[in-house]
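Per the numbering used here: the sequence shown = residues 5 to 125.
Glycine residues also receive a C-beta, built at the ideal position from the N, C-alpha and C atoms.
Structure first, commentary second.
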Amino acid sequence: MSEIRLLIDEDAMDHRFVGALRARGVDVTTAGELTTTGFSDEEQLILATQQQRVFYTFNVGDFCQLHSFYMTEKISHSGIIISSQDYSIGEQMRRVLKLMANKSAKDMANQLVFLSAYLGE
């Protein structure tokens, strides 16, 4: 099963969260590290797909709309994870790790997943 690799959107890139993911062996990069802050949502999703990364964001409205457009137009992407800004770093970690334990990169292709579906333990 291929591991999920993440690209963290600029609205969700907290150095503590990114550091905690890396400490657990997760392959993760951020919009800041790629110097793509300010790029459009679609440009970010295209980049994530080119790099075979699942896009992680707090931006519910725009990415739900973009995912719907992609599916209607039969455009592929590597996957989108929508998280809540209300989750602590620890809660995000627990939920992301649970998702990653249950899904592969292949499973995430063309999927929009709400992190709320993965209860932290």
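Close Cβ partners of Glu14 (< 6 Å) along its chain, the five nearest in sequence each way excluded = Ala35 and Thr41
Tell me whether Arg57 is buried or exposed, calling it buried when 16 or more other Cβ atoms sit within 10 Å of its Cβ.
-> buried
Three-way DSSP call (helix, strand, coil) for Ile93 in this model = helix
For Tyr74, the three-state DSSP class (helix, strand or coil) | helix
Ile84 beta carbon less than 8 Å from that of Thr53 = no
Might you give, ordered along the chain, the residues of its own chain that have their beta carbon closer than 6 Å to the beta carbon of Leu25, omitting 5 neighbours on each side?
-> Sequence-distant partners of Leu25 (beyond 5 residues in either direction) whose C-beta falls short of 6 Å from its own C-beta, in its chain, are Val32.
Have a look at Ile93 and Lys102 and give me their C-alpha separation to the nearest angstrom.
-> Each residue's alpha carbon lies about 14 Å from the other.
Would you tell me roughly how many angstroms separate the C-alpha atoms of Arg9 and Met112, rounded to the nearest one?
-> 10 Å
Where Ile8 sits in the DSSP three-state scheme | coil
What do you get for Asn63, buried or exposed, if any count of 16 or more other CB atoms within 10 angstroms of its CB means buried?
-> buried
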